[in-house]
Each structure stands twice: as structure tokens, then as C-alpha cells.
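What follows is a set of notes on a single structure, which appears directly below.
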Amino acid sequence: MSTLAHDHDHAPSGLKRWIYSTNHKDIGTLYLIFALTMFFVGGAMAMIIRAELFQPGLQFVDPQFYNSMVTVHALIMIFGAVMPAGVGLANWMIPLMIGAPDMALPRMNNMSFWILPFGFALLISTLFMEGGGPAGGWTMYPPLVLQTGDAFPFLIFAIHFLGISSIMGAINIIATVFNMRAPGMSLMQMPLFVWTWVITSFLLIAALPVLAGAVTMLLTDKYFGTSFFDAAGGGDPVMFQHIFWFFGHPEVYILALPAFGIISQVIPAFSRKPLFGYASMVYATASIAILSFVVWAHHMFTVGMPLKGELFFMYATMLIAVPTGVKVFNWMATMWRGAMTFETPMLFAIAFVILFTIGGFSGLMLGMAPVDFQYHDTYFVVAHFHYVLLTGAVFALMSAVYYWLPKWTGYMYDEKLGKIHFWLSTIAANVLFFPQHFLGLAGMPRRIPDYNIQFADFNMISSIGGFAYGLTQLLFVYIVIKCALGGKKAKDKAWEGARGLEWYVPSPAPHHTFETPPKLTKQMLEM
Amino acid sequence: MKTFFIKFLSILALFPLTAFAEWGLNMREGVTQISQRVYDLHMLTLWVVTVIGIVVFGIMFWSIFHHRKSKGVKPAKFSHSTTVEVIWTAIPLAIIIALAVPATKLLIDMEDTSGSQITVKATGYQWKWKYDYIDDDLTIFSVLDTKSTEVSQLNSGLNPMENENYLLDVDEPIVLPTNTKIRILTTAQDVIHAWWVPDLGWKRDAIPGFINDNWAVIDKPGTYRGQCAEICGKGHGYMPIVVKAVPMDEYRIWVAEKKQEAEAKKNTADMVLTMEELMTKGEAVYKAQCLACHQANGEGVPGVFPALAGSAVAIEPDQRLGHIHRIIYGKNLMPAFGEQLSDVDIAAVTTYERNAWGNDTGDIVQAKEVSEARNKK
Numbered sequence: 001m002s003t004l005a006h007d008h009d010h011a012p013s014g015l016k017r018w019i020y021s022t023n024h025k026d027i028g029t030l031y032l033i034f035a036l037t038m039f040f041v042g043g044a045m046a047m048i049i050r051a052e053l054f055q056p057g058l059q060f061v062d063p064q065f066y067n068s069m070v071t072v073h074a075l076i077m078i079f080g081a082v083m084p085a086g087v088g089l090a091n092w093m094i095p096l097m098i099g100a101p102d103m104a105l106p107r108m109n110n111m112s113f114w115i116l117p118f119g120f121a122l123l124i125s126t127l128f129m130e131g132g133g134p135a136g137g138w139t140m141y142p143p144l145v146l147q148t149g150d151a152f153p154f155l156i157f158a159i160h161f162l163g164i165s166s167i168m169g170a171i172n173i174i175a176t177v178f179n180m181r182a183p184g185m186s187l188m189q190m191p192l193f194v195w196t197w198v199i200t201s202f203l204l205i206a207a208l209p210v211l212a213g214a215v216t217m218l219l220t221d222k223y224f225g226t227s228f229f230d231a232a233g234g235g236d237p238v239m240f241q242h243i244f245w246f247f248g249h250p251e252v253y254i255l256a257l258p259a260f261g262i263i264s265q266v267i268p269a270f271s272r273k274p275l276f277g278y279a280s281m282v283y284a285t286a287s288i289a290i291l292s293f294v295v296w297a298h299h300m301f302t303v304g305m306p307l308k309g310e311l312f313f314m315y316a317t318m319l320i321a322v323p324t325g326v327k328v329f330n331w332m333a334t335m336w337r338g339a340m341t342f343e344t345p346m347l348f349a350i351a352f353v354i355l356f357t358i359g360g361f362s363g364l365m366l367g368m369a370p371v372d373f374q375y376h377d378t379y380f381v382v383a384h385f386h387y388v389l390l391t392g393a394v395f396a397l398m399s400a401v402y403y404w405l406p407k408w409t410g411y412m413y414d415e416k417l418g419k420i421h422f423w424l425s426t427i428a429a430n431v432l433f434f435p436q437h438f439l440g441l442a443g444m445p446r447r448i449p450d451y452n453i454q455f456a457d458f459n460m461i462s463s464i465g466g467f468a469y470g471l472t473q474l475l476f477v478y479i480v481i482k483c484a485l486g487g488k489k490a491k492d493k494a495w496e497g498a499r500g501l502e503w504y505v506p507s508p509a510p511h512h513t514f515e516t517p518p519k520l521t522k523q524m525l526e527m
Numbered sequence: 001m002k003t004f005f006i007k008f009l010s011i012l013a014l015f016p017l018t019a020f021a022e023w024g025l026n027m028r029e030g031v032t033q034i035s036q037r038v039y040d041l042h043m044l045t046l047w048v049v050t051v052i053g054i055v056v057f058g059i060m061f062w063s064i065f066h067h068r069k070s071k072g073v074k075p076a077k078f079s080h081s082t083t084v085e086v087i088w089t090a091i092p093l094a095i096i097i098a099l100a101v102p103a104t105k106l107l108i109d110m111e112d113t114s115g116s117q118i119t120v121k122a123t124g125y126q127w128k129w130k131y132d133y134i135d136d137d138l139t140i141f142s143v144l145d146t147k148s149t150e151v152s153q154l155n156s157g158l159n160p161m162e163n164e165n166y167l168l169d170v171d172e173p174i175v176l177p178t179n180t181k182i183r184i185l186t187t188a189q190d191v192i193h194a195w196w197v198p199d200l201g202w203k204r205d206a207i208p209g210f211i212n213d214n215w216a217v218i219d220k221p222g223t224y225r226g227q228c229a230e231i232c233g234k235g236h237g238y239m240p241i242v243v244k245a246v247p248m249d250e251y252r253i254w255v256a257e258k259k260q261e262a263e264a265k266k267n268t269a270d271m272v273l274t275m276e277e278l279m280t281k282g283e284a285v286y287k288a289q290c291l292a293c294h295q296a297n298g299e300g301v302p303g304v305f306p307a308l309a310g311s312a313v314a315i316e317p318d319q320r321l322g323h324i325h326r327i328i329y330g331k332n333l334m335p336a337f338g339e340q341l342s343d344v345d346i347a348a349v350t351t352y353e354r355n356a357w358g359n360d361t362g363d364i365v366q367a368k369e370v371s372e373a374r375n376k377k
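Spelled out as C-alpha cells, the structure:
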């Protein structure tokens with residue numbers, strides 16, 4: 001194995017190693033640590049939200065601060081936790097999976113990471129300004145968002161920073177995958193995780209400039225006298241929503257597609273069986289990505305679109321169920337007649353398949369315009385997107401961390417603690433979010449700090465689930481630190497059924513790998 | 001299946017808490033034919049996905065149980081099957097088409113506002129609703145009731161559990177006739193709001209500068225409650241909607257009464273009240289209209305809503321007219337109250353603000369002064 005990865009480690013030490021790093025593994029680690037930190041910052045805000053909603057009446061925060069918690073929680077979790085975690089995994093794993101020595105554009109890689117802390121410093125600093133942080137929801141609909149105080153320009157520029165960072169990351173991934181695959185690896189021989197990240201990168205490049213345009217128009221509306229979104233000046237507030245969701249819906253898949261990729265690595269490994277329907281997985285991912293650009297207005301069925309518009313967006317939305325269904329069936333068929341074992345990554349992957357599908361079911365319901373008029377902007381929606389983003393995207397990320405942790409640290413994590421973390425997380429997340437379906441159907445609007453007493457019981461259950469979920473994640477940090485410090489030595493191929501090039505380099509992966517391209521064997525290319 | 005189990009568990013565990021309201025688990029069937037059809041389509045879809053879920057997860061759990069290494073299974077080698085893949089692409093497609101047909105029919109009917117008998121325009125404000133009965137030239141402002149307002153203050157020490165309609169009650173409910181096709185227009189004054197009464201089966205955004213339309217035929221008399229459903233700032237959770245549906249003849253009587261009341265409100269300029277009366281009335285108006293922003297203690301919210309306690313506009317003698325004008329015409333974020341409040345109401349609240357929280361100016365503002373202020377800019 002060591003012929004593939006000759007280790008001559010000359011990394012600078014100390015702080016410089018991290019600030020100047022152009023190494024894909026170090027930058028991947030930075031991204032992952034940053035994402036985990038932001039997961040706790042955003043999570044702390046979620047705890048404030050759930051504490052306030054624990055019972056009716058206002059106990060802890062005033063409504064303005066509550067709204068800014070709702071807003072900043074979403075921005076941090078989307079742009080600070082899930083996206084950077086995905087990019088971190090891509091950084092670490094894509095070069096290893098395609099036999100490349102590093103990312104194609106290592107200096108840009110460094111910059112795209114180091115923009116993030118500054119972007120979030122801008123965003124979080126707004127919470128300490130007079131007038132408070134942005135409080136109009138992460139969707140930033142005008143005219144409400146234009147009422148934001150001093151925080152407003154900071155919000156806009158923070159979003160520009162995060163957008164630039166993501167676009168650079170995406171360009172890097174595309175350049176790496178198209179130019180630096182080991183000789184003999186065709187596109188249709190790449191691991192599915194790599195495929196999903198290529199497609200995600202195209203989504204990022206297409207969608208994020210649109211967001212940048214939208215928020216810039218907000219900025220000029222507020223400070224430079226334009227009226228893009230002001231009816232009094234001939235503009236249209238709904239136009240913002242169209243532009244925003246033209247970004248926003250692909251963004252949903254930017255969060256979800258890498259998760260699909262992770263699950264497509266983990267399930268075959270622990271089923272000890274090749275991934276079922278590789279080609280249809282690639283095509284399904286691509287169809288989802290393409291469809292994601294023509295369904296945006298299902299987020300805004302209630303704005304009063306023409307009937308034909310509503311029908312088009314309803315049909316297009318319902319159509320997404322088909323390729324998504326194909327993916328779920330393929331994962332099941334991969335498990336079918338395999339020889340499964342249930343280590344923590346597999347547990348998270350199975351939970352992902354079930355709970356993401358539940359989120360998909362409520363998604364189908366929400367996609368039907370006439371009933372969406374009832375569901376829209378209620379807790380039913382909150383339950384839906386937390387099923388796809390928390391028990392979906394975040395569970396997949398957890399699965400990925402447990403799956404590749406042995407490769408990163410050289411040690412096996414504590415399996416028993418990992419399983420406890422899984423079960424507590426799964427139970428807590430369901431106690432947290434399942435009752436929110438009921439709340440939404442019973443008529444509780446989202447983004448309210450206080451509610452009628454008929455919603456009291458389910459809110460209390462939901463909050464208890466929330467606190468349990470939050471506490472449980474501290475266990476995750478402990479498990480990761482414990483694993484980084486030592487434990488059972490991991491083999492190069494840490495999992496019996498694991499497939500892919502990354503398992504042909506030593507564990508832990510040395511600082512430099514594949515400095516000379518690997519000679520691929522048939523076995524190495526198995527999916 | 002896991003989720004059913006959890007639902008079951010949570011219901012078991014929390015029975016002791018159910019002392020107050022009934023447990024809302026599902027969408028309401030509502031009181032219009034449309035809301036009934038929305039409910040039916042919701043239930044149809046819910047059952048379809050539940051059955052799919054049971055079948056799909058059932059197969060998966062069977063596999064998880066049987067195809068495990070610990071049972072000594074040797075893994076199979078297959079990795080695709082065109083037939084199977086075509087089948088599981090076709091079946092979901094067929095199910096979706098089957099669901100899209102009723103959805104399309106319902107949507108077409110919901111969007112057909114033709115043939116309406118009366119028209120009501122709902123205008124969202126931060127944070128209240130204004131209703132214009134277009135055919136009867138009647139305007140109603142509807143604000144969260146003071147009982148809820150008091151309880152809902154941060155650390156009010158009052159128990160919301162004592163009020164069944166906490167946050168779902170207003171000072172002036174609107175009345176609508178039953179068995180009548182009512183066209184409901186929605187628009188807004190400042191930011192986007194959404195008008196939603198679940199029992200009518202839909203919600204619709206209220207967008208400044210644009211007018212949306214929708215309709216309802218209410219079958220059953222009763223009181224139906226809803227809330228704003230689009231985040232619209234600090235008071236988003238505090239602008240409920242209350243609709244009283246009554247037979248047509250009762251509705252007519254109500255309209256006549258309200259018009260008389262409105263007429264009476266127009267002519268309050270000659271009312272002269274004592275300081276004490278003005279303060280009592282002023283405090284009531286303040287609680288209903290001003291407290292959400294300027295707070296019970298008149299301190300406002302730094303950086304967002306200016307304080308009134310100790311503020312020049314509420315103290316300085318030469319700003320007295322400015323103070324009244326501010327209430328009539330609004331300024332920046334502050335909405336204009338001139339249309340909503342009568343002369344005597346504005347006089348009372350001005351007096352209150354000039355004397356409460358240590359402002360102690362001793363100023364007495366009478367309705368006549370407000371009436372005159374309306375005429376000079």
C-alpha cells in the first residue's frame with residue numbers, strides 16, 4: 001500500500017500550518033471543525049427558540065430577538081454548518097477517491113475557507129448592534145428586511161462573503177474532478193459521492209450568483225433609492241421572492257445531494273454488496289438537479305400567482321418524487337440480499353433513508369398547491385424541512401464522519417458510544433420534529449414567539465426533544481476527540497466491505513497522497 | 001413505523017397535560033365546501049404516502065432483519081436490473097398523476113372568484129388588520145384584544161392558560177354572512193402579511209401595492225379564528241383574525257349598526273373630558289394600539305422603537321402639535337392612526353402619553369384640538 005502513498009511530511013507546524021495551508025486534508029479538517037463549531041452556535045440559538053416555545057407566554061426573550069434567533073439560526077445552519085461540512089468532506093475525500101494528489105487550485109482552496117470566519121463574524125456581530133440582528137427570516141423578504149437597522153449592510157455583505165466562498169469551492173471541485181482523476185478512471189467509474197459533488201458544484205455556480213444579485217438589489221433599494229421591490233416606485237416585492245427561490249430551491253439540493261452521495265458510499269460498504277443501479281443513481285441525481293431549477297415557486301404558492309403558473313409549479317414539484325424515489329429504491333435494493341452489519345455509519349444511513357423519505361412524503365403533500373394553501377408557513381413546513389435537513393442532511397454528515405474518521409485519525413472511534421449517540425439522536429430528533437406536523441396541521445403559524453394554549457402540549461414535547469437532541473451532540477464531540485487522541489488502530493481498509501481508492505492509502509492518511517498517480521486495478525474501481 | 005411508535009408514546013406520556021384544549025392532530029375540515037375538499041385531498045395524500053411508507057419500509061426492515069451478516073448470509077453480487085428500475089420509475093409516476101388530477105380540479109375551483117355577492121378587502125398593517133366592506137362603505141380595524149396583550153408581555157406573570165382564546169381574540173371581530181359567496185381581497189400597508197383562517201381552507205398573502213383575491217362560502221354560522229401567516233416583524237404573532245359568520249339578515253343589521261357607530265366616531269370633536277377620563281381612555285387606547293412597539297413602560301426598544309418616556313415630543317410644550325400630528329400621520333415605521341382613531345381617542349392617548357411614566361407635563365389635550373390639528377399641516 002505504501003507504494004501508493006509515499007509519506008514525506010513537511011507540513012509547517014503550529015498556527016501557520018492552518019493559516020497558510022494549501023493541503024486538501026488540512027483545509028478539509030478546518031472546514032469540518034468550523035462546521036461543527038457553527039452547528040453548536042446555530043444549535044444554541046435553536047435552544048433559545050425551543051426554550052421560549054416550551055410553554056405559552058413570553059418567558060425569556062422579546063419577540064424582536066426571537067425573530068432574529070429564527071433568522072440567524074437558519075443562516076448559520078445552512079451556510080455555516082451543513083454547507084461547510086459538505087465542502088470539508090469533499091476536500092478531504094475527493095482527491096483520495098479519484099487518486100489525485102490534492103485539489104486542483106490549492107491556494108484558492110485556502111482562501112475559500114478563510115473567507116468563512118470573516119463572513120460569520122460579520123453576521124454574528126449584528127446580534128450585538130443597536131436594533132439587533134436581522135429579524136425578517138432567513139428568506140429576507142422585502143419590505144420587511146428593509147426595516148432592519150444597522151445590521152442590514154452587515155447581513156448583505158456576510159451573504160456575499162459566504163457566496164464567494166462557496167463558488168470558489170465549487171470551481172475547485174469541478175476543476176479537480178475533470179482534470180485530476182487517476183489515469184484510467186472514467187467519469188462513470190467515479191464513486192457516487194464524487195458525482196453528487198460535481199453536480200452540487202454546478203448548482204452552486206448557477207444558484208449563488210442569483211442570490212448575490214437579489215441581496216445587492218435589496219442593498220440598493222435601501223441605500224441608493226432604487227425600487228426593485230417597492231410597488232410605490234414601480235417595483236414588485238414578489239419579484240424578490242421569485243429571484244430568491246430561484247436560488248433557494250437549488251440550495252435545498254446543494255444541501256441534500258452530497259448527503260445522497262454519502263449514503264451511496266456507506267450503504268454498499270456495510271451491505272458488502274455493490275451499489276445497485278449506479279448509472280440510474282447518476283442520472284437521478286442529475287435530473288433532480290435540473291428539476292430543482294424549475295420548481296422554485298412552490299415556496300410561494302400563496303403570493304397570488306396566475307392559475308397556470310400554480311399548475312406548472314405543482315406538476316414540476318410532484319415530478320421530483322420520481323427520481324428521488326429511484327434513489328431510495330436503489331438504496332433498498334443495495335441492502336437487499338446483502339450481508340449487513342450495523343456499525344454507527346450504517347445506522348445513520350438507514351435512519352437517513354427512512355426519515356428523509358418521511359420528509360419527502362410531506363414534501364409531496366406540500367407540493368400540491370391547493371392543500372399547500374393550508375400547510376404554507378405553518379409548523380408543518382418546519383417539520384418537513386427539518387426532516388430533510390436535520391434527519392436528512394445532518395444525519396448523512398454524521399454517517400460520513402463515523403465512516404471516514406478511521407481514515408482521518410488512524411484510530412477506530414468508540415463503537416458503543418457511537419451507537420448511543422445514534423439512538424439518542426434519532427429518538428430525540430423525532431420527539432422534536434414529529435409533533436410539529438400536528439402543530440402545523442392544527443393551525444400554528446411558523447416564526448411566532450408565543451401561541452394559543454391549544455398548541456401548548458405538542459410544543460412542550462417538541463422542546464423536550466430539542467433539548468435532548470442538543471445535549472446528545474456534546475457526546476458526538478467527545479467521541480470525535482476521543483478518537484482523534486487514540487484508540488484501536490484502524491486498518492488501511494477500516495471497514496470490511498468498504499470500496500474505493502481512499503481505502504488503499506494508509507490510515508491515518510499521510511499529509512501527501514497519490515503524488516504519483518495510482519495504477520488502478522479492477523478491484524480498486526469497484527463501487 | 002418508528003414515527004407511529006413515537007406518536008403513540010408521546011400521546012401516552014402526556015395525557016395528564018391535556019386538561020385544557022383538545023389535541024389538534026390533523027387539519028380542520030372547516031366550514032366551506034372548498035375547505036372540505038382541501039381536507040379530503042389532504043387525507044387522500046396522507047393515506048397514499050402512509051401506505052407507500054408501510055410497504056417500502058416494511059420491505060426494508062424485512063431485509064434488515066434477514067440479510068445480515070450475523071445470520072451467515074453470503075452477499076449477492078447483482079448490481080442492476082433494468083426491469084425493476086423501469087417498474088419503480090413507472091409506479092411513482094402513475095401515483096403522482098393520480099394525485100395531480102383531483103389537485104388540478106380543486107385548484108381551478110379555488111381560483112374562480114367569479115359571481116361573488118359581497119367583497120371585503122383585508123389590509124395588513126404592522127400589526128393589525130383593516131377590513132373594508134366595499135359594497136357598504138364600512139371600515140373596521142381589528143386589533144389583538146387587550147387581555148391577550150397584557151398576558152403576552154415578557155414576564156407578565158399572568159397565566160395564558162386561563163384564556164382559551166389567548167392570542168386569537170380581537171377587539172373588533174369582523175362579521176360575514178353565511179351561504180353567500182364572499183370575495184376576500186388581501187393587500188397590505190407596510191410589509192407582506194398573510195390572511196389565514198384555517199376553517200375557510202386557504203391562506204393568501206397580503207402584499208403592499210398589490211391586491212390578491214380569493215373567496216369563501218361559509219356554510220355554518222360560528223366564530224372562526226386565524227392568524228397572520230407571513231413573518232411581518234415583531235408583532236407577527238400578535239395580529240389574529242376573528243370572523244363571525246351569521247345569517248344574511250343578522251349580517252345586514254350588524255352592518256347598519258357599525259355604520260352608525262362609525263358616524264358617531266366621526267363627530268367626537270366637541271367632547272370635553274376631564275383629565276381623569278382622558279387618562280383612563282388614553283391608557284386603554286395606548287394598550288391596544290401603541291404598546292406593541294413603545295412598550296408598557298413607554299421605554300420603546302432601543303434602536304428600533306423610540307421611547308416616549310422622557311422623549312421631547314411627548315414633553316416639550318412647543319412639540320404638542322407635532323405629537324398629535326405624529327399620531328395622525330405616522331412617521332417612518334410608525335403607521336398613521338388618523339383614519340383608525342377618533343378625535344377623542346387621539347386626544348386621550350396624547351394626554352396619556354404626555355402624563356404617564358413620569359412625563360408629568362400636566363397637559364390636557366381635548367378632542368377639539370385634535371380636530372383642528374387634522375386641518376393644519
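Sequences listed follow chains A and B, in order.
Okay, so the first sequence: first residue is 1 according to the numbering used here, each after it adds one.
Okay, so the second sequence: first residue is 1 according to the numbering used here, each after it adds one.
Each residue gets a CB set at the ideal place from its N, CA and C atoms; glycine is no exception.
None of the values given here were measured: they were computed from a predicted structure.
Return the first residue and the last residue of the beta strand (DSSP E) that residue i is part of.
i, result
"Val-246(B)", "241 to 246"
"Arg-446(A)", "Per DSSP, Arg-446(A) belongs to no beta strand (DSSP E) and is neither H nor E."
"Leu-123(A)", "Taken as a continuous stretch (DSSP letters only), Leu-123(A) belongs to no beta strand (DSSP E), being part of the alpha helix (DSSP H) at 106 to 125."
Taking only the alpha-carbon atoms, compute the straight-line gap between residue i and residue j and give it to the nearest angstrom.
i, j, result
"Thr-521(A)", "Pro-95(A)", "17 angstroms"
"Ile-124(A)", "Met-185(A)", "44 angstroms"
"Glu-496(A)", "Phe-270(A)", "8 angstroms"
"Gly-136(A)", "Gly-470(A)", "25 angstroms"
"Leu-41(B)", "Arg-181(A)", "50 angstroms"
"Met-332(A)", "Ala-490(A)", "29 angstroms"
"Ser-2(A)", "Ser-507(A)", "Confidence at Ser-2(A) is low in this model, with a pLDDT of 42, below 50, so the placement of that residue should be treated as unreliable; the coordinate-derived value is given next. Looking at the two C-alpha atoms, the distance is approximately 11 angstroms."
"Arg-252(B)", "Ser-35(B)", "25 angstroms"
"Leu-9(B)", "Gly-72(B)", "Confidence at Leu-9(B) is low in this model, with a pLDDT of 49, below 50, so the placement of that residue should be treated as unreliable; the coordinate-derived value is given next. If you take the alpha carbons of Leu-9(B) and Gly-72(B), they lie about 35 angstroms apart."
Starting from the C-beta of residue i, find all residues in its chain whose C-beta is less than 6 angstroms away, skip the five residues before and the five after it, and write them out in chain order.
i, result
"Ala-349(A)", "Ile-263, Val-266, Ile-267 and Ser-399"
"Phe-166(A)", "For the sequence presented, residue 166(A) should be read as Ser rather than Phe. Taken in chain order, the residues that qualify are Leu-204 and Leu-208."
"Leu-168(B)", "Arg-225 and Pro-240"
"Lys-368(B)", "Ala-269"
"Gly-77(A)", "A small fix is needed here, since residue 77(A) is Met in this sequence, not Gly. Closer than 6 angstroms at the Cβ level, and outside the excluded window around Met-77(A), lie Gly-42."
"Asn-459(A)", "Leu-53"
"Gly-353(B)", "Strictly speaking, residue 353(B) in this sequence is Glu, with Gly absent from that position. Same-chain partners within the cutoff: Leu-308 and Ala-314."
"Gly-119(A)", "Ala-158, Phe-161 and Leu-162"
Which chain E residues are close to residue i, counting only those with a beta carbon under 7 angstroms from its beta carbon?
i, result
"Ile-78(A)", "Among the protein chains of the structure shown, namely A and B, there is no chain E."
To which residues does DSSP link residue i through a beta bridge?
i, result
"Met-334(B)", "Lys-331(B)"
"Arg-68(B)", "Met-340(A)"
"Gln-227(B)", "Trp-196(B)"
"Ile-140(B)", "Tyr-131(B)"
"Thr-119(B)", "Arg-183(B)"
"Asp-150(A)", "Its beta-bridge partners do not exist; DSSP assigns none."
Tell me which residues share the same chain as residue i and place their Cβ nearer than 8 angstroms to its Cβ, disregarding the 5 neighbours each side in the sequence.
i, result
"Ala-21(B)", "Because the pLDDT at Ala-21(B) is just 41, under 50, the model does not fix this residue reliably, and the value given afterwards should be weighed accordingly. Counting only Cβ-Cβ distances below 8 angstroms, and skipping sequence neighbours, we find Glu-164."
"Ile-95(B)", "Val-48 and Ile-52"
Flag residue i as yes when its Cβ comes closer than 6 angstroms to any non-hydrogen atom of the ligand SAH, and as no otherwise.
i, result
"Phe-455(A)", "Annotation note on the ligand SAH: not contained in the displayed structure, which lists no ligands."
What is the residue span of the alpha helix (DSSP H) that residue i lies within?
i, result
"Trp-423(A)", "415 to 442"
"Lys-281(B)", "275 to 289"
task = Say whether the segment 190 to 202 of chain A touches the segment 224 to 241 of chain A, bearing in mind that this needs 3 or more beta-carbon pairs closer than 8 angstroms, one atom from each stretch.
result = no
query = Touch check for the segment 114 to 126 of chain B and the segment 376 to 386 of chain A: three-plus C-beta pairs under 8 angstroms?
reply = no
ask   = Okay, do the segment 286 to 305 of chain A and the segment 243 to 261 of chain A touch, 3+ Cβ pairs below 8 angstroms being the bar?
value = yes
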